[in-house]
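All the letters of the sequence shown, read from the start, carry residue numbers -28 to -1, 1 to 357 under mature numbering (1 follows the signal peptide of the UniProt record, and there is no 0). Glycine residues also receive a C-beta, built at the ideal position from the N, C-alpha and C atoms. Take a look at the structure set out below.
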Amino acid sequence: MASPSGSTFMSKPTLATLFLLLLVQINAISGCYTSIFQFGDSLADTGNLLFSRNDEHSYMRNYPYGETYFKRPTGRCSDGRLVIDFIAQAMGIPLLPPYLGHSNQDFKHGVNFAVVGATALDLAFFEQRQVHVYTNYSLGVQLEWFKQLLPSLCASPSGCQDMLRKSLFLVGEIGGNDYNDPFLQGKSVQELRAIVPHVIDTISSTITALIDEGAVTLMVPGNLPIGCSPSYLTVLESKNKDDYDANGCLSWLNEFSQFHNQLLQSELNRLREAHPHATIIFADYYNVAMELYQFPNQLGFTGRALTACCGGGGTYNYNVSAKCGDQGFTACIDPSLYVNWDGVHLTERAYSHIATGILNRPFTTPRINFGCISSNPQNDDHPYS
Ligand SMILES: *[C@@H]1O[C@H](CO)[C@@H](O)[C@H](O)[C@H]1NC(C)=O
Ligand SMILES: *[C@@H]1O[C@H](CO)[C@@H](O)[C@H](O)[C@H]1NC(C)=O
C-alpha cells in the first residue's frame, strides 16, 4: 500500500499520461484512415478492366485513355485520375490497386473491387428481363471477393477489427449501369423506376454485410446527373425542347437520377438508425457535378460542357459506332477544358472538382472527418463555396 503522500505524488503524472494515451488513441481511430476498400463500377475502376475477361470494353484499354496523368492506359475510364485517386492522394496512401491481377502484398492500404460495367443487381436479374449487361462482376460478386480476401489481410480477428476500424469503405457509385443498360436498350422510364428499389435494397444489404464484417466508416455516393451525359443526349435525343433544362440536359433523366438518390438517402437514414456505431456518409455526386453543367465557363471548362472530348462525331461527339479508343474517333487537344471524356465518363479535371466537393466542401452528409488529410486535390477551383 502506498503512503497517502506517495499516492498524491504519483497521481498527477499517471492521470496526465492516461489523458495523453486517450488522446492518441482517439486520433488513431477517428482521425486517420489507413486503408480504402472500394466497390463500384467504371467511375471507380482503377484497373480491374485490364484483368477482367471482358472484351466489350476493350477500346478503353487503348490510348488516349490515361493520357493526361499516367501517360498510358491504366484501365481507368478517363484521361487521368478518378475521384478515388484524389481521395487516396489526399489521405496520403498509394493509389488503390485493382483486386484482379494483384496479390495480397499490394493490399496494405486497401483494394479496389470496382469493375467497368458492374451493376448493383446480379446478372440473373437482367437475364430474366432480357437486358444485356456488360459484366457479371456485380456488387454481390465484389462483396464475395472482399469476404474471401479479408482473412489474408489481417493476422487475427482482433487485428482485422482494428484494420477495418481504420478503413474507409466506398460503396459506389453503383447502380448507374443497372439503369444505363436497360435505358439504352429501349426500356421505358416506368420500367426503370420499378427497378430502383431493387438497386437500393442491394446497396443496403451490401452496406449491412460490410458493417457485420467490421466496417465502421462507409461513404455511399449517389448517381450523377445522367441527363447531361453525351451518350444519353445522343441516344435519347428529343425534338421537343421541353425535354431539356436550361443547361441542355435531359430533365426527365436527371429527375430519374434524383429519384434514385432520394430513395438511397432514405435508406441510408434507416441504416444509420440500425447501426448507430457506424458512420454512413452520403456523397452528393449529383449536385456537385451539376455545377459543372451550370457554371462551366466560370469553372474553366470552356470546351462545351455537354460535348465529349474523345469520340466519333455528332452533336455531342458521341457515336456508338466510333467510341473513344476504338476506330474512327478524334480526341480534343486539352481534356482539362472538357467536363466529359468519352461520352459516358468524366475527365480528370471534372473528377477533381467532384473530389474537392467531397473532401473540402459541403457535399457529404454527414461531413467527412479525415483528420489526417493534409493536401487538397489539385484544381481547387470552386467559386461557389
Ligand atoms: C463471369 O463470366 C466469366 C466469363 O463467362 C466466367 O468465366 C466467370 O466465372 C463469371 N463470373 C461470375 C462471378 O459469374
Ligand atoms: C459514326 O461513326 C460511323 C463509323 O465510323 C460513321 O460512318 C458515321 O458517319 C459517324 N456518325 C457521325 C454522326 O459522325
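For residue j and residue i, the rounded distance between their alpha carbons
| i | j | result |
| --- | --- | --- |
| residue 397 | M63 | Here the chain comprises residues numbered -28 to 357, so residue 397 is not present and cannot be evaluated. |
| L182 | T287 | 43 Å |
| G300 | V88 | 22 Å |
| L67 | Q270 | 30 Å |
| D332 | I56 | Note that residue 332 is Asn in the sequence shown, not Asp. If you take the alpha carbons of N332 and I56, they lie about 15 Å apart. |
| L156 | P129 | 45 Å |
| C281 | A127 | 47 Å |
| Y106 | L95 | 9 Å |
| residue 394 | T174 | Because the chain in this structure spans residues -28 to 357, residue 394 falls outside the shown range and cannot be described. |
| T274 | Y258 | 21 Å |
| residue 370 | L142 | Because the chain in this structure spans residues -28 to 357, residue 370 falls outside the shown range and cannot be described. |
| S203 | F85 | 25 Å |
| G144 | A90 | 10 Å |
| E185 | I326 | 29 Å |
| L93 | R165 | 14 Å |
| G131 | G73 | 26 Å |
| F58 | M262 | 19 Å |
| N219 | G284 | 23 Å |
| D314 | Y31 | 11 Å |
| Y37 | N149 | 20 Å |
| K295 | T279 | 13 Å |
| T336 | L140 | 14 Å |
| V311 | P70 | 25 Å |
| Q133 | V292 | 47 Å |
| L309 | D153 | 28 Å |
Counted within 10 angstroms of its Cβ, other Cβ atoms place residue i as buried (16 or more) or exposed
| i | result |
| --- | --- |
| N20 | buried |
| D306 | exposed |
| T302 | exposed |
| R53 | buried |
| R339 | exposed |
| R44 | exposed |
| N(-2) | In this prediction, N(-2) scores a pLDDT of 32, lower than 50, which makes its location untrustworthy; the coordinate-derived value is nonetheless stated afterwards. Label assigned to N(-2): exposed. |
| Q10 | buried |
| G329 | buried |
| Y109 | buried |
| P248 | exposed |
| R48 | buried |
| residue 415 | With the chain represented from -28 up to 357, any question about residue 415 goes unanswered, as that position is not in the structure. |
| S176 | buried |
| G272 | exposed |
| E239 | buried |
| A16 | buried |
| Q(-4) | Legend: pLDDT at Q(-4) = 35, less than 50; position of this residue unreliable, value from coordinates given subsequently. So Q(-4) counts as exposed. |
| Y151 | buried |
| A246 | exposed |
| N289 | buried |
DSSP beta-bridge partners of residue i
| i | result |
| --- | --- |
| N341 | The partner list for N341 (beta bridge, DSSP) is empty, contrary to what the question assumes. |
| P193 | A255 |
| C282 | A303 |
| F141 | F9 and L190 |
| N312 | A280 and L318 |
| N83 | Strictly speaking, residue 83 in this sequence is Val, with Asn absent from that position. For V83, which the question treats as bridged, DSSP gives the partners F9. |
| L222 | Y216 |
| P70 | N84 |
| T336 | A255 |
CB-CB length for residue i against residue j, believed under 8 Å
| i | j | result |
| --- | --- | --- |
| V161 | F228 | 6 Å |
| D214 | L222 | Incorrect: roughly 11 Å between the Cβ atoms, too far for contact. |
| G82 | I8 | 4 Å |
| G12 | I179 | That belief does not hold up - the Cβ atoms of G12 and I179 are roughly 13 Å apart, past 8 Å. |
| N76 | S124 | 5 Å |
| K138 | T6 | 5 Å |
| V316 | S210 | Actually they are not in contact, since the Cβ atoms of V316 and S210 sit about 19 Å apart, beyond 8 Å. |
| L136 | A187 | 6 Å |
The stretch 190 to 199 in contact with the stretch 250 to 264 per 3-pair CB rule at 8 Å | yes
Do the stretch 92 to 101 and the stretch 116 to 135 make contact, defined as three or more Cβ pairs closer than 8 Å?
-> Because the criterion of three Cβ pairs below 8 Å is not met, the stretch 92 to 101 and the stretch 116 to 135 do not touch.
Is the stretch 262 to 279 touching the stretch 229 to 236, taking contact as three or more C-beta pairs under 8 Å?
-> no
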